[in-house]
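Each remark here refers to the structure printed beneath this line.
In my numbering, the protein residues as written are 848 to 923.
Shown next as structure tokens:
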């Protein structure tokens with residue numbers, strides 16, 4: 848057996864470290880982020896951002912056209 852000064856076995860130290868990393872990764876993945884509109888769809892469709900978004904600058908809530916566009920796999 849290894850002589851560990853803190854009283855924990857090496858496997859317990861590794862398990863604790865892995866648990867901590869998984870917890871941190873979960874927090875990063877699940878933390879809400881502000882949605883950002885992408886001009887790629889405007890370039891793809893030739894339509895302004897306000898065609899799909901309530902806000903003419905893009906982002907945020909969708910218009911009925913935008914909801915249909917999204918439901919159709921971002922295809923016109």
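Think of the CB as a built atom: it goes at the ideal place given N, C-alpha and C, for glycine as much as any other residue.
In this text the structure is predicted, and so the values were computed from the model without any measurement.
For residue 886, the enclosing alpha helix (DSSP H) stretches over residues 886-892.
Proximity to residue 887 across 864, 856, 906 and 865 peaks at 906, based on C-alpha coordinates. The beta carbon of residue 921 lies closer than 7 Å to those of 888 in the same chain, with the five residues before and after it left out. Within the DSSP bridge table, the entry for residue 921 names no partner.
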